[in-house]
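**Q**
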Amino acid sequence: MEKDLYKVGEEYVEARIIECLSDLLLSLTLWKEGYTRNSAGKAFSAVKALMSALVVVNEDKLISIAKDKEEKEWIKKKAHIVPTHSMYALAQMLRKIGIDILNLVRIALDLHDYQYNGFEPDFSRYTRKDDVFTDLITVIKETKNIIHTYFSKYEVKEISEKIDGLIRELIEGH
1 MEKDLYKVGE EYVEARIIEC LSDLLLSLTL WKEGYTRNSA GKAFSAVKAL
51 MSALVVVNED KLISIAKDKE EKEWIKKKAH IVPTHSMYAL AQMLRKIGID
101 ILNLVRIALD LHDYQYNGFE PDFSRYTRKD DVFTDLITVI KETKNIIHTY
151 FSKYEVKEIS EKIDGLIREL IEGH
């Protein structure tokens, strides 16, 4: 008989939300220091952590719309890990149950490409730092809104306020 290594539940969700907020703060801090590609990577990681929390909280609904037994098993055992190659498909499933994060995931995946490829033609959608900044701020604000909407009880006010302050500072200096 197979035994779960750990239980994915409320404590896991709380940890993912704290991870998400911390990654958003790190993303802004890295941007401020000039590490734009690392900043993009942290914003991407924040979206993955958010998706993990959304998948765990909505597991039963996701299982109910799964196309077959294999997909149901995958949702139960692996979906909470949010593999990068499955992010878009998971976002589409979440949309079917009323949580629309498709645009957020698209932009996060673009930032992920930028993290690895910079402005390299044919590998990145970005050709200008301003466009990366615009998408970064969009991801951070949208992620915070989703946390506030679905996970407000786990929101760490101190981190959230630091994020807001850095957003203002970076936008003013931009």
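For what it's worth, full-length UniProt numbering labels the leading residue of the sequence shown as 1, then goes sequentially.
Ideal Cβ positions, reconstructed from N, Cα and C, are used throughout, including at glycine.
Nothing here was measured: the structure is a model prediction, and the numbers come from that model.
(1) Would you call the region 75-84 in contact with the region 124-133, where contact means no fewer than 3 C-beta pairs closer than 8 Å?
(2) Enumerated in chain order, which unbroken segments of the alpha helix (DSSP H) with a length of 4 residues or greater are wholly contained in the region 39-107?
(3) Is S64 buried or exposed, if buried means 16 or more other CB atoms sit within 10 Å of its CB?
(4) In whole angstroms, what is the alpha-carbon distance linking L62 and K144?
(5) Would D135 and I107 be called neighbours here (beta carbons separated by less than 9 Å)?
(6) Thinking just about the alpha-carbon of each residue, which of L170, W31 and M51 is nearest to the one in I17?
(7) What's the C-alpha gap between E19 and V57?
(8) Can you tell which of D130, I167 and E172 has the C-alpha that lies nearest to the C-alpha of K141?
(9) Let me know if I171 comes out buried or exposed under the rule of 16 or more other beta-carbons within 10 Å of its beta-carbon.
(10) Between F44 and Q115, how many whole angstroms is the CB-CB distance? I'm expecting something under 8 Å.
(11) For G41, is the classification buried or exposed, using 16 other Cβ atoms within 10 angstroms of its Cβ as the cut-off for buried?
(12) Hey, out of K69, L109, I97 and K96, whose CA is closest to S86's CA?
(13) Helix, strand or coil: which one does DSSP assign to S124?
(14) Residues in its own chain within less than 6 Å of S39 by CB, not counting five upstream and five downstream?
(15) Give the C-beta separation of H112 and T84 to the nearest angstrom, bearing in mind that I take them to be a contact with Cβ-Cβ under 8 Å.
**A** So, from the listed chains and residues:
(1) Inter-segment contact for the region 75-84 and the region 124-133 is absent: fewer than three beta-carbon pairs are separated by less than 8 Å.
(2) 59-65, 69-77 and 87-96
(3) exposed
(4) 23 Å
(5) Yes. Within cutoff.
(6) M51
(7) 16 Å
(8) I167
(9) exposed
(10) 6 Å
(11) G41 should be labelled buried.
(12) L109
(13) coil
(14) Contacts found: S27, L30 and W31.
(15) 7 Å
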